[in-house]
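A short worksheet on the structure shown next.
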Ligand SMILES: [Zn+2]
């Protein structure tokens with residue numbers, strides 16, 4: 167849990183994660199001293215927010231509920247972190263109700279399908295990306311979307327196709343109306359007409375981008391998720407089309423945020439578009455030195471190699 171929180175930098179994200187970080191740290195200490203690893207709300211509050219005057223259990227329960235809701239999103243990253251560290255267990259949140267209630271982390275075995283059996287080690291000077299699933303858009307609609315992974319089913323495929331057909335028809339009707347009215351109009355063009363036409367063209371141009379987006383998703387299997395589809399608090403989220411079986415029929419759509427630790431400055435590396443410099447590619451950029459600490463990004467092997475010559479020279 168400590169390693170996962172550290173690479174993803176989640177520990178500083180919110181107070182709920184601070185609680186988790188505290189719990190993980192205290193658990194590790196107690197394990198080393200061979201003591202009980204169960205904690206009261208009072209224990210956890212003392213480490214995270216000693217100055218808050220609220221009653222400890224009232225302070226902790228919304229934070230704990232938040233962590234429980236987020237837990238499905240960590241599974242893949244935790245499993246992969248475990249494999250990297252060579253352990254067969256991942257931590258799971260646990261609570262014994264009672265007065266006082268006791269909070270703890272228990273070790274459960276890594277689910278068989280959660281991560282590849284072997285993890286490609288990061289090359290010298292390169293990085294290893296850790297995935298963190300992100301709740302899919304409209305996660306409030308269905309609990310199933312909370313883990314950020316949506317099963318790619320025939321139903322979903324037809325819904326998506328149906329949506330595209332409807333949007334296309336609406337666009338065609340709009341174009342037809344514009345032409346139809348345009349031909350019938352005999353008065354001189356007013357400013358309102360010009361603005362109307364400009365707006366129409368903008369709408370049609372806007373429609374082109376979802377097409378390009380879907381095309382890239384199906385062709386390349388991974389794209390940067392458009393910001394309208396991701397939570398405001400998170401950027402640099404990728405949308406992946408994952409296929410589980412050989413005949414490509416069953417799969418899932420996953421919203422994933424990949425992070426790594428920059429080997430040069432210890433900053434956080436996030437996935438970004440390669441823009442004009444690395445056209446058609448997704449790359450990892452360090453937050454501290456976004457122009458120079460640049461790495462390749464491969465969502466299958468999850469490793470990145472340095473893309474700047476200076477970086478290669480530095481490690482030689
Ligand atoms: Zn860096």
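In my numbering, the protein residues as written are 167 to 482.
Cβ coordinates follow ideal geometry from the N, Cα and C atoms, glycine included.
Whole-angstrom C-beta distance between residue j and residue i, which should lie under 8 Å
i           : j           : result
residue 268 : residue 193 : No, residue 268 and residue 193 are not in contact; Cβ-Cβ is about 12 Å, not under 8 Å.
residue 246 : residue 285 : 6 Å
residue 470 : residue 450 : 5 Å
residue 468 : residue 294 : 6 Å
residue 318 : residue 418 : 5 Å
residue 170 : residue 300 : Not quite, the Cβ-Cβ distance comes to about 15 Å (not below 8 Å), so this is no contact.
residue 497 : residue 298 : Residue 497 lies beyond the stretch modelled for the chain, which goes from 167 to 482, so this question has no answer here.
residue 195 : residue 210 : Incorrect: roughly 13 Å between the Cβ atoms, too far for contact.
residue 168 : residue 190 : 5 Å
residue 404 : residue 390 : 6 Å
residue 388 : residue 406 : 5 Å
residue 445 : residue 291 : With a Cβ gap of about 24 Å, residue 445 and residue 291 do not count as contacting.
residue 148 : residue 273 : Past the boundaries of the shown model lies residue 148; the chain is included only from 167 to 482, so the question cannot be answered.
Heavy atom of ligand 1 within 7 Å of residue i beta-carbon
i           : result
residue 457 : no
residue 449 : no
residue 330 : no
residue 454 : yes
residue 433 : yes
residue 256 : no
residue 367 : no
residue 370 : no
residue 430 : yes
Span of the beta strand (DSSP E), counted from its first residue to its last, around residue i
i           : result
residue 436 : 434-439
residue 275 : 268-275
residue 261 : 255-262
residue 389 : 388-390
Where the alpha helix (DSSP H) through residue i begins and ends
i           : result
residue 449 : From DSSP, residue 449 is part of no alpha helix (DSSP H) but of the beta strand (DSSP E) over 448-452.
residue 328 : 320-350
residue 419 : Element bounds for residue 419: not the alpha helix (DSSP H) but the beta strand (DSSP E), 417-427.
residue 299 : No alpha helix (DSSP H) contains residue 299, which is instead part of the beta strand (DSSP E) from 296-299.
residue 408 : Not the alpha helix (DSSP H): residue 408 falls in the beta strand (DSSP E), residues 404-409.
residue 466 : Note, residue 466: premise wrong, no alpha helix (DSSP H); not H, not E.
residue 197 : 181-198
residue 222 : 222-251
residue 168 : 168-174
residue 208 : 207-214
Residue i beta carbon near ligand 3 (any heavy atom closer than 7 Å)
i           : result
residue 269 : In terms of ligand content, the structure shown lacks ligand 3 and carries ligand 1 instead.
Task: Inter-stretch contact (C-beta, 8 Å, three-pair minimum) for the stretch 257-266 and the stretch 230-240 - done: yes
Task: Inter-stretch contact (C-beta, 8 Å, three-pair minimum) for the stretch 416-426 and the stretch 167-187 - done: yes
Task: Given 8 Å, three or more beta-carbon pairs between the stretch 432-445 and the stretch 342-354 - done: no
Open item on the list: Does the contact criterion of 3 or more C-beta pairs under 8 Å hold for the stretch 459-479 versus the stretch 317-333?
Closed with: no
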